[in-house]
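Remarks on the structure that follows.
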Amino acid sequence: MKKVPSSSPAPCDAETLSSLMDGEVVDSRDVGSLIAAVCANAELRAEWVAFHLVGDALRSTEVASAHSSAFCTRVAESIAREPAIVAPRMTSASPLRRYLVSGIAVAASVAVIGFVAVPLIRNTDSPPTQQATVKALQPVAVASAERPDEAAARRAASTVANARALQAYLAAHRELTSGVALPRATPYLRATADQAEGR
Amino acid sequence: MSDREVDRQLVERVQRGDKAAFDLLVTKYQRKIFRLLSRLIRDPGEVEDVAQEAFIKAYRALPNFRGDSAFYTWLYRIAINTAKNWLVSQGRRAPTSTDTDIEDAETFDDGEHLRDLNTPDSMLLTRQVADAVNRAIERLPEELKTAIVLRELEGLSYEEIAETMNCPIGTVRSRIFRAREAIAEELRPVLGTNKDQRW
Chain A
61 MKKVPSSSPA
71 PCDAETLSSL
81 MDGEVVDSRD
91 VGSLIAAVCA
101 NAELRAEWVA
111 FHLVGDALRS
121 TEVASAHSSA
131 FCTRVAESIA
141 REPAIVAPRM
151 TSASPLRRYL
161 VSGIAVAASV
171 AVIGFVAVPL
181 IRNTDSPPTQ
191 QATVKALQPV
201 AVASAERPDE
211 AAARRAASTV
221 ANARALQAYL
231 AAHRELTSGV
241 ALPRATPYLR
251 ATADQAEGR
Chain B
7 MSDREVDRQL
17 VERVQRGDKA
27 AFDLLVTKYQ
37 RKIFRLLSRL
47 IRDPGEVEDV
57 AQEAFIKAYR
67 ALPNFRGDSA
77 FYTWLYRIAI
87 NTAKNWLVSQ
97 GRRAPTSTDT
107 DIEDAETFDD
117 GEHLRDLNTP
127 DSMLLTRQVA
137 DAVNRAIERL
147 PEELKTAIVL
157 RELEGLSYEE
167 IAETMNCPIG
177 TVRSRIFRAR
187 EAIAEELRPV
197 LGTNKDQRW
């Protein structure tokens, strides 16, 4: 449907409004501009109200008598206090188009996997990489070949050395660390951490 | 182009920040919403309050409306949920399901529930509306009467009416418009919808 700028509404008379309400405008491309004209014209808006009331009254006089002009005014005043909506336009895509777009997206994903991921996987299986993997695994194998008591002693020594280094670091930067987010809680945190480590 | 397309255009305008377009949707559907809510809430004043809340909620939720369903079907759900929440807040039991389903929301053929709520004032107004409609219909020339009845009560398209009445579509358009004008003229004094009034 052709979009007409809202600033230049098409001329609309009451008869055109009547057919617009019935969804029977001669040129459907005019609908947007006709609605813009109705929104901008108080007289046409009054006709809009009256014509809808006529339809309701013909179908049910009880329902028509439920008409309340004060109600519409109250709602309009409430809406006027609401912030104006600025939302993305509705997508009027047909189901067929949506399926088509989904299919293209899936095909594109498969193509990316085919062109990018598969060569990477193949390279991973090549002999040089296998050698590198074996080399990387060697220290682990050596470490696991050590006796358990030697490994534990080495880990403990390493932990103590790290803890001393950390203590020295914190002592050196105590003045700077006083401005941390939890200054009052920091000593307790450190004491608790020391207790947990058995110090 | 259909009535649903007109609603879609109005919703798009609201989503672009045009509050007047939302006013048109309110005036178009307020009586349907009143009828719907009166099935759940007995007091007419409370029906108006809940209807107002439902319209405001709909306005706030409009950025998320994607047009997958008809606007009225969407509005219907909001109104039902608003009424249920209101009943719960009042310490009353909210119905687990409504008497009508979504398909029924598209019809507009009875005023049974409104009739149950009639007060002397509302009964008088209903009577006045019925008299005004009957008076207007009786005064209409036969071809205008047939055209408006086929359109509003039978829901025929202009093309179908033209075939039935054996006349051009332009003539159908003109007859329906003139019939609406005549009936609206009779209803204005009864319902206080003057031409120069905002609503």
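If you read the protein sequences in the order shown, they are chains A and B.
When we follow the numbering used here, the leftmost residue of the first sequence carries the number 61, and every step to the right adds one.
When we follow the numbering used here, the leftmost residue of the second sequence carries the number 7, and every step to the right adds one.
For glycine and all other residues, C-beta sits at the position ideal for the given N, C-alpha and C.
Check	Outcome
Spatial neighbours of F61(B) in its chain, beta-carbon cut-off 6 Å, leaving aside the 5 residues before and after	V32
Three CB pairs or more closer than 8 Å across the stretch 47-54 of chain B and the stretch 68-75 of chain B	no
CA nearest to the CA of P147(B), picked from N172(B), E165(B), D127(B) and I189(B)	I189(B)
S93(A) - containing alpha helix (DSSP H), residue span	V91 to A100
Sequence-distant residues of its chain with Cβ nearer than 6 Å to D116(B) (five each side left out)	Any reading at D116(B) needs caution, since the residue's pLDDT is 44, under 50, leaving its predicted position unreliable; the model's value is listed next. Taken in chain order, the list of residues that qualify is empty.
Close Cβ partners of V86(A) (< 8 Å) along its chain, the five nearest in sequence each way excluded	S79
Cutoff 8 Å; reference F80(B); Cβ partners in own chain excluding five residues on either side	Rather than Phe, the amino acid found at residue 80(B) in this sequence is Trp. Closer than 8 Å at the Cβ level, and outside the excluded window around W80(B), lie A64 and F71.
Interface residues of the stretch 21-53 of chain B facing chain A [CB-CB below 7 Å]	Q21, G23, D24, K25, A26, A27, F28, D29, L30, V32, T33, K34, Q36, R37, F40 and R41
Extent of the continuous alpha helix (DSSP H) to which P195(B) belongs	I175 to L197
Outcome for I181(A) when other beta-carbon atoms lying within 10 angstroms are tallied against a minimum of 16	exposed
Beta carbon of H112(A) nearer than 8 Å to that of K34(B)	yes
Whole-Å CB distance - V146(A) paired with G73(B), under 8 Å assumed	Not confirmed; about 17 Å, so no contact.
Neighbourhood of V181(B) by C-beta, 7 Å cutoff - its chain only, sequence neighbours within 5 removed	According to the sequence displayed, residue 181(B) carries Arg and not Val. Closer than 7 Å at Cβ, skipping near neighbours: E149, L150 and A153.
Buried or exposed (CB count within 10 angstroms, at least 16 for buried), A171(A)	exposed
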